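J.: I am attaching a structure below and will ask some questions about it afterwards.
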């Protein structure tokens, strides 16, 4: 039988990898809580229509990348490809309209069937921020500030650039959409097949095309900001002023768009080229029409998602794991007492390592391999005096300690 392997596009988070993921998640959670964002979670799968509605029937994610299956009851289910749709569904189904602004943080696995590459897998993990029910530009400033603070605390902000654009309100978007249709219709023969299909359904998505021929046309296409009404212009100016007030640097990217109609006003990405080709670490925007798309009452919202794999690859100063204390019985008679000592210390929150077998020499070698900071040795002589030998493995010093004083001695150990 061949050696079993993980499914393509998935990978095991071994202890060292998991420690980096946990550091990213915990850092993001701590920053989010400082901004007043409480943690929540949604089911790992939803009814397929939740994602089909929010991400668009013609989007690549819905048409090509979702992991969908039929339940035993004949209902179509989908493993979540992103967090926002599920959180917005939860906002509606739990009747949270009276709890606005609804400010939450979430983290967990997502699933998309796409070509695996560096920092991008078919099962991947995201951190997520959502602020639902706030129409003010201050909400946009706040969610961007959270992302900026997380990147700074992870030690990766200097490797990133914030790119930002405005999509305007519904009126501005409709005006720009018509201009785009007219422009690309005049170049129909030069468009890729995918973009020809998008032209009638969602022309803004052409601006995201990776086709080389399309990119040439996109570079010469009319710019969104030339078609903004006064309200949209003022809203975006307030966002930029707020970022400057907080000393958050940004680059205007007039080609940064979101294809679906419920996106409005601010769109942004924190991008990096530190992992090779430029890619986004955090991406988000305002989605004032999303709740209504799901069947709820019109409710504004803004949020972002960040890829934990990519952030973990870049994060610096990952805290080292806690160094354990080794408990080493000397002789068979001390085994049961050493086991009780180890258990008692663990219940007091002290990291204890006790090998299941082996003589003193082997157990000391294991303690050194685990980078233990101290060893507690207890044998028949120590048992008779109700004490143990506490050896500081860093200093190479040891002392005799009464068993009743052991916990306090370990606390003061340096």
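In our numbering, the protein residues as written are 574 to 987. Ideal Cβ placement from N, Cα and C applies to all residues, glycine included. Quantities reported herein were computed from a predicted structural model and do not represent experimental measurements.
Mapping the DSSP letters down to three states, classify residue 1007 as helix, strand or coil.
T.: This structure cannot settle anything about residue 1007, because the visible part of the chain is limited to 574 through 987.
J.: In chain order, which beta strand (DSSP E) runs of at least 3 residues are fully inside the segment 690-748?
T.: 696-705, 733-739
J.: Is there a C-beta anywhere in chain D that falls below 8 Å from the one on residue 585?
T.: The question asks about chain D, but that chain is absent: this structure has only one protein chain.
J.: Assuming residue 715 contacts residue 704 (C-beta within less than 8 Å), just tell me the rounded distance between them.
T.: 7 Å
J.: Use the C-beta contact count for residue 840: other C-beta atoms within 10 angstroms, 16 or more gives buried, fewer gives exposed.
T.: buried
J.: Measuring CA to CA, which of 644, 887, 878 is closest to residue 726?
T.: 887
J.: From what residue to what residue does the alpha helix (DSSP H) around residue 623 run?
T.: Per DSSP, residue 623 belongs to the alpha helix (DSSP H) from 621-628.
J.: Identify which residue in 910, 869, 967, 860 has its Cα closest to the Cα of residue 898.
T.: 967
J.: Bridge partners of residue 843, per DSSP?
T.: 735, 855
J.: Can you round the beta-carbon distance between residue 700 and residue 680 to whole angstroms, since I take them to be within the 8 Å contact cut?
T.: 5 Å
J.: Express the C-alpha separation of residue 948 and residue 969 in angstroms, rounding to a whole number.
T.: 11 Å
J.: From the DSSP secondary-structure annotation, give me the bridge partner or partners of residue 802.
T.: Residue 802 is not bridged to any residue.
J.: By how many angstroms is the C-alpha of residue 683 removed from the C-alpha of residue 597?
T.: 16 Å
J.: Could you tell me the distance, in whole angstroms, from the CA atom of residue 843 to the CA atom of residue 766?
T.: 30 Å
J.: Is the separation between the beta-carbon of residue 728 and that of residue 905 shorter than 8 Å?
T.: no
J.: Give a single yes or no on whether residue 870 has its beta carbon closer than 7 Å to a heavy atom of the ligand FMN.
T.: The ligand FMN is absent from the structure shown, which contains no ligands of any kind.
J.: Can you tell me which of the three DSSP states residue 921 falls into?
T.: Correct three-state label for residue 921: coil.
J.: Along the chain, which unbroken stretches of the beta strand (DSSP E) at least 3 residues long are found entirely within the segment 873-916?
T.: 874-880, 898-902
J.: By the three-class DSSP mapping on this structure, what secondary structure does residue 927 have?
T.: coil
J.: With distances taken Cα to Cα, identify the nearest neighbour of residue 854 among 940, 773, 717, 646.
T.: 717
J.: Quick check: the Cα distance between residue 594 and residue 585, rounded to an integer number of angstroms?
T.: 12 Å
J.: Residue 578 by DSSP, collapsed to three states: which one?
T.: coil
J.: Over what stretch of residues does the beta strand (DSSP E) that includes residue 985 continue unbroken?
T.: Looking at the DSSP string, residue 985 is not in any beta strand (DSSP E), and its letter there is neither H nor E.
J.: CA-CA distance, residue 778 and residue 925?
T.: Near 56 Å, if we compare the C-alpha coordinates of residue 925 and residue 778.
J.: Judging by CA-CA distance, which residue of 963, 986, 880, 792 is the nearest neighbour of residue 685?
T.: Closest by alpha carbon: 880.
J.: Can you give the Cα-Cα distance for residue 863 and residue 873, rounded to whole angstroms?
T.: Distance between residue 863 and residue 873, taken at the CA atoms: about 8 Å.
J.: Answer yes if the segment 751-762 comes into contact with the segment 641-648, meaning at least three C-beta pairs across the two stretches below 8 Å, and no otherwise.
T.: no
J.: What does DSSP give as the partner residues of residue 950 in its beta bridges?
T.: 901, 962
J.: Excluding the 5 residues preceding and the 5 following residue 941 in the sequence, name in chain order all residues of the same chain whose CB lies nearer than 8 Å to its CB.
T.: 966
J.: Can you give the beta carbon distance from residue 900 to residue 952, rounded, assuming they're within the 8 Å contact cut?
T.: That pair is no contact at about 12 Å.
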